[in-house]
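One line per chain: the protein sequences are A and B, in this order.
Here the numbering used here is used: the first residue of the first sequence is 59, the next is one more, and so on.
Here the numbering used here is used: the first residue of the second sequence is 59, the next is one more, and so on.
Quick reminder that beta carbons are idealized off the backbone N, C-alpha and C, glycines included.
This report concerns only the one structure given below.
Number of protein chains: 2
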Amino acid sequence: MQSESSPKSNAYDALVAGILTLDLAPGTDLDEARLCAEHGLSRTPMREVLRQLAGEGYVTLRQNRGAQVSEMSHASLRAFFIAAPMIYAAILQLAAENRTPAQVVELAEAQDIFIRALRNGSTADRALANDRFHRITGEMADNPFLLPSFNRLLLDHARISMTFYAPRTDADKNTIKTARDHHEQIIEAIDARDAARAGELAQAHWALSRDRIAQFVMPGGLDLPLGPPPQEARL
Amino acid sequence: MQSESSPKSNAYDALVAGILTLDLAPGTDLDEARLCAEHGLSRTPMREVLRQLAGEGYVTLRQNRGAQVSEMSHASLRAFFIAAPMIYAAILQLAAENRTPAQVVELAEAQDIFIRALRNGSTADRALANDRFHRITGEMADNPFLLPSFNRLLLDHARISMTFYAPRTDADKNTIKTARDHHEQIIEAIDARDAARAGELAQAHWALSRDRIAQFVMPGGLDLPLGPPPQEARL
DNA sequence: TGCATACAATATGTATACAAAATCTGTCCC
DNA sequence: GGGACAGATTTTGTATACATATTGTATGCA
Numbered sequence: 059m060q061s062e063s064s065p066k067s068n069a070y071d072a073l074v075a076g077i078l079t080l081d082l083a084p085g086t087d088l089d090e091a092r093l094c095a096e097h098g099l100s101r102t103p104m105r106e107v108l109r110q111l112a113g114e115g116y117v118t119l120r121q122n123r124g125a126q127v128s129e130m131s132h133a134s135l136r137a138f139f140i141a142a143p144m145i146y147a148a149i150l151q152l153a154a155e156n157r158t159p160a161q162v163v164e165l166a167e168a169q170d171i172f173i174r175a176l177r178n179g180s181t182a183d184r185a186l187a188n189d190r191f192h193r194i195t196g197e198m199a200d201n202p203f204l205l206p207s208f209n210r211l212l213l214d215h216a217r218i219s220m221t222f223y224a225p226r227t228d229a230d231k232n233t234i235k236t237a238r239d240h241h242e243q244i245i246e247a248i249d250a251r252d253a254a255r256a257g258e259l260a261q262a263h264w265a266l267s268r269d270r271i272a273q274f275v276m277p278g279g280l281d282l283p284l285g286p287p288p289q290e291a292r293l
Numbered sequence: 059m060q061s062e063s064s065p066k067s068n069a070y071d072a073l074v075a076g077i078l079t080l081d082l083a084p085g086t087d088l089d090e091a092r093l094c095a096e097h098g099l100s101r102t103p104m105r106e107v108l109r110q111l112a113g114e115g116y117v118t119l120r121q122n123r124g125a126q127v128s129e130m131s132h133a134s135l136r137a138f139f140i141a142a143p144m145i146y147a148a149i150l151q152l153a154a155e156n157r158t159p160a161q162v163v164e165l166a167e168a169q170d171i172f173i174r175a176l177r178n179g180s181t182a183d184r185a186l187a188n189d190r191f192h193r194i195t196g197e198m199a200d201n202p203f204l205l206p207s208f209n210r211l212l213l214d215h216a217r218i219s220m221t222f223y224a225p226r227t228d229a230d231k232n233t234i235k236t237a238r239d240h241h242e243q244i245i246e247a248i249d250a251r252d253a254a255r256a257g258e259l260a261q262a263h264w265a266l267s268r269d270r271i272a273q274f275v276m277p278g279g280l281d282l283p284l285g286p287p288p289q290e291a292r293l
């Protein structure tokens, strides 16, 4: 979307931010009329925004049934961790080869903001700052054929990362610290045009996320008696 | 887009086919009013179609300046052959692992149509039949994170392939024959759930395209005297 | 009481009318 | 004759009204 500030781009930005931060939960139904009222535009441009978001994977459009925030199923989580390491390694290698000096500066600034968000930002601030960092590496790679999948991955990466940017355990805090260090090393490798090193770092960075999620999906267990079975599915 | 037949989906399909077959050349300006008249719908739904096509990479939207068929530059050709082998190898490996029996039948049928197109079809028929074959492998892979890039690749692959599905030399004819054989072997590997073999075939299949394009971009030379220098650049 | 059908209410899809932006064209001045 | 500005024309963006499809609800029948 255009970078200037129009009601349309504001609505777009707000929806993207809401979806990335889980403020708009996966599966949420998006009512055209409500969104129009909130952002002060009519249905025609709002529908175009929703259609663009659909093309980018943020929302799903169903015939005569409106838009809903795209789901994050168990199956898609598997597909995610199959695709992510490969794509990200490719992106970082290309980024190391093709980056401009200005982009390296931009990436370093994004890392500064990320670190500040880790110190005094909200969970959403952290996830968004991390997202921004990775999107810059995507721009550096400068490959229009890889970007569509990369951006689709970043969408779910941001949503997944919301679980561990609200650290509860020491393990969570360690994960965040390691991620921060990875970013520093990624900047170094890209600045040095070291494609091989960048590729390795991509693998390591994703392994970190994957392990964290594995622990989240399969927690250690609490050693307590079973609760009563659920009465019925909600909704 | 929905598979049923509505004015909207007809317009979508027509535009996609036109773009894939170079009938609508890269850079062509698309006039909303003209398209509306041709396909019998008003501007609102047509604009939504164009916006969807933009999301899928078929067209480019410029602020207040309408849509144009997306370009195929020299730079993007390089990016194309960097991304294609990796993505396609991943797609075919996953296809071998995840395909359903029904999909294998579908793929075999697509290959039949492809072979028929090679015998008595037009250049466009061949390129579209080849495109259909590969899109089915994409569906088989069943990975929503890889599909965006894969589909983006297939768009330009179809357009590039238009140059060698109108065979002029024996080399062109050999390329087509080899591509056909590759397809047969791909079906076998996928049917046998042989992911490793499928991955190898993907590499071989792209190497074929790449060599063909390399020869097209850098032809053998004619051993003739130089013509007069061009007076000015066209456009 | 349970289910099916008809009707009402709501939401989506499309067409048209209007506003704003860009492009084209003709004229005036240098 | 060439370039710049102003008005006219064309094209894009947005709002609103209308048509169509879906969903919820109530009523009647088994």
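Check, Outcome
"Distance between beta carbons of B/Leu80 and B/Met220, contact taken as under 8 Å", "5 Å"
"Inter-stretch contact (C-beta, 8 Å, three-pair minimum) for the segment 208-225 of chain A and the segment 128-142 of chain A", "yes"
"Three-state secondary structure (DSSP) of A/Gln121", "coil"
"9 Å Cβ cut-off: residues of chain B touching A/Met144", "Met144, Ile145, Ala148 and Leu204"
"Unbroken alpha helix (DSSP H) run spanning B/Ser134, endpoints", "His132 to Asn156"
"Rounded Cβ spacing between B/Tyr223 and B/Thr181 (contact assumed at less than 8 Å)", "5 Å"
"Proximity test, Cβ basis, 8 Å: B/Gly196 and chain A", "no"
"The alpha helix (DSSP H) enclosing B/Ala76, as first and last residue numbers", "With the sequence shown as reference, residue 76 of chain B is identified as Gly, and Ala is not the correct amino acid for it. First-last of the alpha helix (DSSP H) with B/Gly76: Pro65 to Leu78."
"Chain-ordered chain A contacts of B/Gln169 [CB-CB under 9 Å]", "Under the 9 Å cutoff, chain A gives no residues; its nearest Cβ is about 25 Å from B/Gln169."
"B/His241 burial status per 10 Å Cβ neighbour count (16 or more: buried)", "buried"
"Under 7 Å from the C-beta of B/Gln201: neighbouring residues of chain A", "Note on residue identity: the sequence assigns Asn, not Gln, to residue 201 of chain B. Within chain A, the residues near B/Asn201 are Ala137, Ile140 and Ala141."
"Cβ neighbours of A/Tyr70 in the same chain (closer than 8 Å, five flanking residues each side left out)", "Met59, Val107, Gln110 and Leu111"
"Interface residues of the segment 89-121 of chain A facing chain B [CB-CB below 8 Å]", "Thr102, Arg105, Glu106, Arg109, Gln110, Ala112, Gly113, Glu114, Gly115 and Gln121"
"The segment 211-243 of chain A: positions lying closer than 7 Å to chain B by Cβ", "Leu211"
"Distance CB(A/Ala247)-CB(A/Ala256) smaller than 8 Å", "yes"
"Residues near A/His268 by beta carbon distance below 7 Å, same chain, minus five either side", "It is Arg, not His, that sits at residue 268 of chain A in the sequence shown. Closer than 7 Å at Cβ, skipping near neighbours: Phe139."
"B/Asn108 (DSSP reduced to helix, strand or coil)", "Note on identity: in this sequence residue 108 of chain B is Leu, with Asn being the wrong assignment. Note: B/Leu108 maps to helix in three-state DSSP."
"Neighbourhood of B/Leu293 by C-beta, 6 Å cutoff - its chain only, sequence neighbours within 5 removed", "Interpretation of B/Leu293 is limited by its pLDDT of 35, a score under 50 that renders its predicted location unreliable; the figure taken from the coordinates is listed afterwards. Taken in chain order, the list of residues that qualify is empty."
"Inter-residue spacing [alpha-carbon to alpha-carbon] between B/Gln243 and B/Leu259", "8 Å"
"Span separating the alpha-carbon of A/Pro84 from that of A/Asp189", "18 Å"
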